[in-house]
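Right, one structure below, let's go through it.
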Amino acid sequence: MPKNFADRLIEAVLAKRSQVCVGLDPRLDHMPPSLLARYAQEQGEENGRREIGACLEEFGAAIIEAVAPEVVAIKLQLACFEQYGPPGIRAFQRLCRRAAGAGLLVIADAKRGDIGISAQAYSAAFIGRPDGLDGKIDGYGADAMTVNPLFGSDGIEPFLDDCRSYGRGIFVLVRTSNPGAAEIQDLQVDESGSVYQHIAGLVAGWGGRLRGDGGYSSVGAVIGANGGGAISGLRELLPRVFFLMPGYGAQGAGTDDVAPAFDSRGLGALITASRSIIYAGSGDDYAAAAAAAAAGMREELWQTGGGQA
1 MPKNFADRLI
11 EAVLAKRSQV
21 CVGLDPRLDH
31 MPPSLLARYA
41 QEQGEENGRR
51 EIGACLEEFG
61 AAIIEAVAPE
71 VVAIKLQLAC
81 FEQYGPPGIR
91 AFQRLCRRAA
101 GAGLLVIADA
111 KRGDIGISAQ
121 AYSAAFIGRP
131 DGLDGKIDGY
141 GADAMTVNPL
151 FGSDGIEPFL
161 DDCRSYGRGI
171 FVLVRTSNPG
181 AAEIQDLQVD
191 ESGSVYQHIA
201 GLVAGWGGRL
211 RGDGGYSSVG
221 AVIGANGGGA
231 ISGLRELLPR
241 VFFLMPGYGA
251 QGAGTDDVAP
261 AFDSRGLGAL
271 ITASRSIIYA
281 GSGDDYAAAA
291 AAAAAGMREE
301 LWQTGGGQA
């Protein structure tokens, strides 16, 4: 049987003394001008889509190589690549492979959700293996992906099947970091709690069958780092669930905000930063600036998050 995803994550965190996940959300208007200018000179057909794909890949590859010693995972935001069609998707796939080759866990931030064959296909694409003409073929090869829970259990089961079969993981959207999250997620279901608390209860149930030797489940939860008091409450509801926590850095959350998510070993949460890392520098030294920012974040979190000395 493949090794449990949560156990692999624990090993990576302890080996690197890092709880950092870098979000790769490439935007052309934030990239170094010299990089853009070089690809603009080569612009060909299809409004430069091919060159854009190559530019995304070069930028992402440089970031991955630079931050790899400091972080345990790369989270690739699919939408940033998908908007450019096949060249963007090709860059996404190649960067997934490059990150894996650098020894990093790869999280596809796809936020997929559906039922039946559609859910099976989404899962196969990112964390499983799709059907080919003669047996199974490779998908994107991510170690984990983000999943939308609003279809309920029959929308989650196909992803759980691939987690078991391939040693992969999922992170279910529970309490997200965007300001509008409260419009739905904070609504009271009944006297027992809110929508996000109800989803957390479902996550605990879904993850029970995928708990590894280290005590954590391969079914994680997306919890905004800027969630305030909700984080402590969710940790009580989900004591054996890894949190994937966006909202750190550029969105305002700091080390004190995420401290309640960690256990005494420094485990239990991956803290994601995107803009504050990948756009730490705007010149030709952007990769070195990203490495320095990632190193600083790693040290701050390890000291704050209960990491062993």
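Using this note's numbering, the first residue of the sequence shown is number 1, and each one after it goes up by one. By construction, the Cβ of each residue, glycine as well, lies at the ideal position given by its N, Cα and C atoms. All of these numbers come straight from a predicted model, not from anything done at the bench.
Give me the residue from the options with the minimum Cα distance to residue i.
i	options	result
Gly233	Arg112, Arg17, Asn148, Pro260	Pro260
Ala99	Ile117, Lys111, Phe81, Asp143	Asp143
Gly103	Ala121, Cys21, Pro87	Cys21
Asp256	Trp302, Gly152, Arg240	Trp302
Gly283	Leu244, Lys136, Ser34	Ser34
Ile310	Gly296, Ser264, Asp263	Only positions 1 to 309 of the chain appear in this structure, which leaves residue 310 out of reach.
Ser217	Ala293, Gly208, Gly201, Gly224	Gly208
Ala221	Leu210, Ala200, Pro158	Ala200
Gly116	Gly101, Phe151, Arg175, Gln185	Phe151
Asn4	Val219, Arg17, Asp154	Val219
According to DSSP, is residue i part of a helix, a strand, or is it coil?
i	result
Asp25	coil
Val67	helix
Gly267	Note that residue 267 is Leu in the sequence shown, not Gly. Looking at Leu267 - three-state DSSP - the assignment turns out to be coil, as it is neither helix nor strand.
Gln43	coil
Ser274	coil
Asp162	helix
Phe171	strand
Gln93	helix
Met145	strand
Gln120	helix
Ser232	helix
Ala99	helix
With DSSP as the reference, please indicate the residues paired to residue i in a beta bridge.
i	result
Lys75	Gly23, Ile107
Ser18	According to DSSP, Ser18 bridges with nothing at all.
Ser217	Arg211, Val241
Lys136	Asp131
Tyr248	Ala253
Ile223	Arg175
Arg112	Val147
Ser194	Gln188
Alpha carbon to alpha carbon, what distance is there between residue j and residue i?
i	j	result
Asp29	Thr304	34 Å
Ser177	Lys136	37 Å
Arg8	Gly254	26 Å
Ala15	Leu267	12 Å
Arg97	Phe81	15 Å
Ser264	Val258	13 Å
Gly249	Glu183	24 Å
Ser192	Arg27	42 Å
Met245	Ala225	5 Å
Phe126	Val72	19 Å
Notebook entry, point to check: Would the region 127–143 and the region 57–67 be scored as touching if the rule is three or more Cβ pairs under 8 Å?
Noted result: The region 127–143 makes no contact with the region 57–67: fewer than 3 CB pairs, one atom from each, lie closer than 8 Å.
Note to self: Measuring CB atoms only, is the region 37–53 touching the region 190–200, in the sense that at least three cross pairs come out at less than 8 Å?
What the structure shows: Too few Cβ pairs lie closer than 8 Å, so no.
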